[in-house]
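Just so you know, our numbering puts the end of the sequence shown at 367, numbered straight through with nothing missing.
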Amino acid sequence: MIREPKKDMMRLSMLALVLFCAISCKQTTPTATQHVEVPATLQIQTIDTFAVQSSVRALEVVDAQTIWWAGSEGRYGFTRDGGQHWTIDSLRLDTLVPHFRAIAVTEEAVFLLSIASPALLFRSTDQGQNWDLVYREDHPAAFYDAMAFWDQEHGIAMGDPTDGCLSVILTQDGGKHWAKVDCNLLPPTEEGEAAFAASNSNIALFGQQAWLVSGGKRARVFHSPDRGQSWSVYETPIAQGGQMTGIFSADFYDEQQGIIFGGDWNEKDRNSGNKATSKDGGRTWQLLIDGEGPGYQSCIRYLPGSEGKALLSCGIPGMNYSADAGQSWQKLSSESWYTLRFGPTWQTTWLAGNGKIGRINWQDIPQ
């Protein structure tokens, strides 16, 4: 969905104060780019009313009260009261048990997309009481990784290569119908290049633009300026060449400022060649300081209203924060999470992991 308009820099200073001074009980007030030590471990509230045997890698925050998730074993759920109560259910198609790692929510409908073959994309307009199968792909190599909407009508999903190019499907009618982009219109992929269904954040959208990220033997950024009608591909310096190396997550704060994050899933402590930023819309990428900051992370997000300075990331090794566009980092927690999303403002962060949903209310941290 289209990002909120920028706020002024005073909001960012307030964020840095809440995140760090409240945690460490320091008396100084940091600015947006100050490096502040965090002596204590951040305690993340796990939602007590959430209990389900599902690996949850797809999370969508609609507003302050409405949050949707989807996970393995065909399970999905939502709350309409900010997490006090959850509706949890599961989907089957005949004998098929889909495993969901991508979700999207528009004003009219909710969408769940499964991994593996057959790829199944479901749509519901009545809060999950009934589901329509709006796309199915039986290609043996089908494996979709992420899904997002530019607006209420135009959406995109991407997955591993089939027939020599990334799998990209588009909708222009609110998700009622989806069509696959022909490989003649997409840059070819290379042998061993694919994507990771780690956090439903392989796709970054802003305006009419889209950025898709790959991993494996290559780690590249595929870019469309026109909602998927035309495509280019750009090289990155992210670690690549192995089966589990590459880009796992991407985010763009505006049309120019972007970040990609990942690394090596098999060497999660490796913090070189795993994070890079762009200032020209994804055409070129510059590695952030190697040997510093977090290693492998599966999800990266700009904080709303931060002017592209504040970043929050998470992964199996824990959660990390940067107040200076990734030049320095503070580890906030060692607890494992797969993905994160913000509420309407930075004051609430929602997280999803293996059998759990978490929430951080920054304003409630004791001072």
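Note that beta-carbon positions come from the ideal geometry of N, C-alpha and C, so glycine has one too. None of these values were measured; they are calculated from a predicted model.
If you count every other CB in all the chains shown that lies within 10 Å of the CB of residue i, and 16 or more means buried, which is it?
{"i": "Trp177", "result": "The sequence shown places His at residue 177, not Trp. The residue is exposed, with fewer than 16 neighbouring Cβ atoms inside 10 Å."}
{"i": "Leu340", "result": "buried"}
{"i": "Glu190", "result": "exposed"}
{"i": "Arg57", "result": "buried"}
{"i": "Ile289", "result": "exposed"}
{"i": "Glu292", "result": "exposed"}
{"i": "Thr95", "result": "exposed"}
{"i": "Asp126", "result": "exposed"}
{"i": "Leu91", "result": "buried"}
{"i": "Arg283", "result": "exposed"}
{"i": "Glu335", "result": "buried"}
{"i": "Gln53", "result": "exposed"}
{"i": "Glu60", "result": "buried"}
{"i": "Gln129", "result": "exposed"}
{"i": "His85", "result": "exposed"}
{"i": "Leu186", "result": "buried"}
{"i": "Asp8", "result": "Because Asp8 sits at a pLDDT of 35, beneath the cut-off of 50, its placement in the model cannot be relied upon, and the following sentence gives the value as read from the coordinates. Asp8 comes out exposed."}
For the beta strand (DSSP E) holding residue i, just list the boundary residues, first then last.
{"i": "Phe143", "result": "Counting along the chain, Phe143 falls outside any beta strand (DSSP E), and DSSP gives it neither H nor E."}
{"i": "Ser55", "result": "Counting along the chain, Ser55 falls outside any beta strand (DSSP E), and DSSP gives it neither H nor E."}
{"i": "Gly353", "result": "348-353"}
{"i": "Asn361", "result": "356-361"}
{"i": "Phe122", "result": "119-124"}
{"i": "Ala204", "result": "203-206"}
{"i": "Asp132", "result": "132-137"}
{"i": "Thr87", "result": "87-90"}
{"i": "Asn320", "result": "318-322"}
{"i": "Lys368", "result": "Nothing can be reported for residue 368: it is not among the residues displayed for the chain, which extend from 1 to 367."}
{"i": "Val62", "result": "Per DSSP, Val62 belongs to no beta strand (DSSP E) and is neither H nor E."}
{"i": "Thr339", "result": "339-342"}
{"i": "Arg375", "result": "The structure shown does not extend to residue 375, since the chain is modelled only from 1 to 367, so the question has no answer here."}
{"i": "Phe111", "result": "110-114"}
{"i": "Glu235", "result": "232-235"}
{"i": "Ile103", "result": "100-105"}
{"i": "Gly295", "result": "Here Gly295 belongs to no beta strand (DSSP E), and DSSP marks it neither H nor E."}
{"i": "Arg75", "result": "75-79"}
{"i": "Ser336", "result": "Run containing Ser336: none; DSSP gives neither H nor E here."}
List the residues that DSSP assigns as beta-bridge partners of residue i.
{"i": "Asp251", "result": "Ile259"}
{"i": "Tyr302", "result": "Leu311"}
{"i": "Phe196", "result": "Partner(s): none; Phe196 has no beta bridge."}
{"i": "Ile156", "result": "Ala148, Leu170"}
{"i": "Gln229", "result": "Partner(s): none; Gln229 has no beta bridge."}
{"i": "Gly215", "result": "Ala194, Gly246"}
{"i": "Pro161", "result": "Answer by DSSP bridge pairing: none, since Pro161 is not bridged."}
{"i": "Ala210", "result": "Leu205, Ser224"}
List the whole-angstrom C-beta distance separating residue i from residue j, where the pair is believed to meet the contact cut-off of C-beta under 8 Å.
{"i": "Ile103", "j": "Trp68", "result": "6 Å"}
{"i": "Ala250", "j": "Ser322", "result": "Actually they do not touch by this definition, with Cβ atoms about 16 Å apart."}
{"i": "Ala194", "j": "Gly216", "result": "5 Å"}
{"i": "Ile156", "j": "Ile203", "result": "6 Å"}
{"i": "Ala148", "j": "Phe100", "result": "Contact doesn't hold; Cβ gap of about 15 Å is too wide."}
{"i": "Lys279", "j": "Phe261", "result": "Between Phe261 and Lys279 the Cβ distance is about 16 Å, and since that is not below 8 Å, they are no contact."}
{"i": "Asn320", "j": "Ser328", "result": "Incorrect: roughly 10 Å between the Cβ atoms, too far for contact."}
{"i": "Gly281", "j": "Gln256", "result": "5 Å"}
{"i": "Glu108", "j": "Gln152", "result": "7 Å"}
{"i": "Thr87", "j": "Gly77", "result": "6 Å"}
Does the beta carbon of residue i fall short of 8 Å from some heavy atom of the ligand PLP?
{"i": "Pro98", "result": "Because no ligand of any kind appears in the structure shown, any question about the ligand PLP cannot be addressed here."}
Do the stretch 293-308 and the stretch 225-239 make contact, defined as three or more Cβ pairs closer than 8 Å?
no
Does the stretch 205-222 come close enough to the stretch 342-352 that 3 or more CB-CB pairs lie under 8 Å?
The stretch 342-352 is not in contact with the stretch 205-222.
Please confirm if the stretch 126-136 is in contact with the stretch 233-244, defined as three or more CB-CB distances below 8 Å between the two stretches.
no
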